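Residue numbering for the sequence shown follows the numbering used here, starting at 112 and increasing by one per position.
Note that the Cβ used here is the ideal one computed from N, Cα and C, for glycine as well.
As the structure is a computational prediction, the values presented were derived from the model and not from experiment.
Report on the structure given below.
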Amino acid sequence: MSTISALRPRRSLPVTFGVAAVLGTSLVLPGLASAAPVLAYGPYTCAQNFVWREAFDGDTVCVSPGERDTARAENGQASARRSPTGGAYGPDTCLQGFVWREARPTDHVCVDPSRRDRAVAQNSEGASHLVDATQLPAGKVATRSELIAGGGRIYLDGGKGLTPGGRVEFYAAGVNGTAVRPLGTRTADGKGELPRENTALAQVRCELKRDETATIVVLDVRTGVATTAGTSYAYSC
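Now the structure itself:
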């Protein structure tokens, strides 16, 4: 028995698929992928009943309309909640009882502490409120996959361009529905980078047809920006 045949899961996979599993690479099979639907507002188009938060220019985190209205109101009250005499954080110092909202690291709008916590939660929830997370643009994080009997393992292959010291969440999109599935979390180092790992980020069971792939989504929680880290056959049977 060849080495490739011995390592290949018993899923009636073509030989080329087994090679991809052994080498930890993803194969793109020509003629199998169907055209993705055109989204009205690009890859960050929100699902029904959600809208862009617009806490700052370019903020495309998807939230409820009420949360967008709250963010606008907070922006309108920003100057009234800053200390007129400055302080420890210069002209952006908040009045007592208020903190920076931090919908992104440079967001210094002063809000109630509970609203800062909510902004972080909104960032974390954003990927699950998109119409189609498989259409997100590629980022600077990579993953690789390994097939095992009944499923596969997904590994982090390194990354950069993230918020230094920030939480990074990983999801799978395009697995039998529109909802994204959590895979795990990591913390970027002081340079905003992630190392290549040999410990699996996640182990999943197969659910897709063998010629279909899942898209790996990477969410930088400090900014709310979601991108992709390639595709994976780990869910393919």
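message = For A313 and Q246, which I take to be in contact (beta-carbon distance under 8 Å), what is that distance rounded to the nearest angstrom?
response = Their Cβ separation, rounded to whole angstroms, is 22 Å, which puts A313 and Q246 out of contact at 8 Å.
task = With DSSP collapsed to three states, give me the class of P176.
result = helix
request  = Label A144 either buried or exposed according to how many other C-beta atoms from any shown protein chain fall within 10 Å of its C-beta, with 16 as the threshold for buried.
outcome  = Low confidence applies here, because A144 scores a pLDDT of 47, under 50, leaving its location unreliable; read the following figure in that light. With fewer than 16 other Cβ atoms within 10 Å, it is exposed.
ask   = With 16 as the cutoff for other CB atoms within 10 Å, does S256 come out buried or exposed?
value = Buried, because 16 or more other Cβ atoms sit within 10 Å of the Cβ of S256.
query = Going straight from the alpha carbon of I327 to that of E304, what length do you get?
reply = 17 Å
Residues bridged to G263 (per DSSP) = L258, V315
Distance between Y155 and P248 (C-alpha atoms, nearest Å) = 9 Å
ask   = What does a CB cutoff of less than 7 Å around E308 pick up in its chain, not counting 5 residues either side in sequence?
value = Y266, L267
ask   = Of the residues E236, T196, A182, which one's Cα is nearest the Cα of W211?
value = A182
ask   = Under the rule that 16 or more other beta-carbon atoms within 10 Å means buried, what is N234, buried or exposed?
value = buried
query = Is it the case that the Cβ atoms of G250 and T171 are separated by a distance below 7 Å?
reply = no
C-alpha gap between D180 and R333, whole angstroms = 21 Å
Reference G277, options R229, P216, H240, E165, closest by Cα = P216
task = Would you tell me roughly how many angstroms separate the C-alpha atoms of G301 and P275, rounded to the nearest one?
result = 5 Å
S350 burial status per 10 Å Cβ neighbour count (16 or more: buried) = With the chain covering only 112 through 348, there is no way to say anything about residue 350.
ask   = Is the region 160-170 touching the region 218-230 in the sense that three or more CB pairs, one from each, lie closer than 8 Å?
value = Yes: the two stretches touch, three or more of their Cβ pairs being nearer than 8 Å.
query = Quick one: is Y152 buried, meaning 16 or more other Cβ sit within 10 Å of its Cβ, or exposed?
reply = exposed
ask   = So is G335 buried or exposed if we call it buried at 16+ other beta carbons inside 10 Å?
value = buried
message = Going by beta-carbon coordinates alone, are L294 and A311 separated by less than 7 Å?
response = no
key: Straight-line Cα distance separating V174 from T127   = Interpretation of T127 is limited by its pLDDT of 29, a score under 50 that renders its predicted location unreliable; no figure is taken from the coordinates.
message = Relative to the C-alpha of R227, which candidate in E178, L273, A158 has its C-alpha closest?
response = The residue with the shortest Cα to Cα distance from R227 is E178.
ask   = For E236, which of helix, strand or coil comes out of DSSP?
value = E236: helix per DSSP, three-state reduction.
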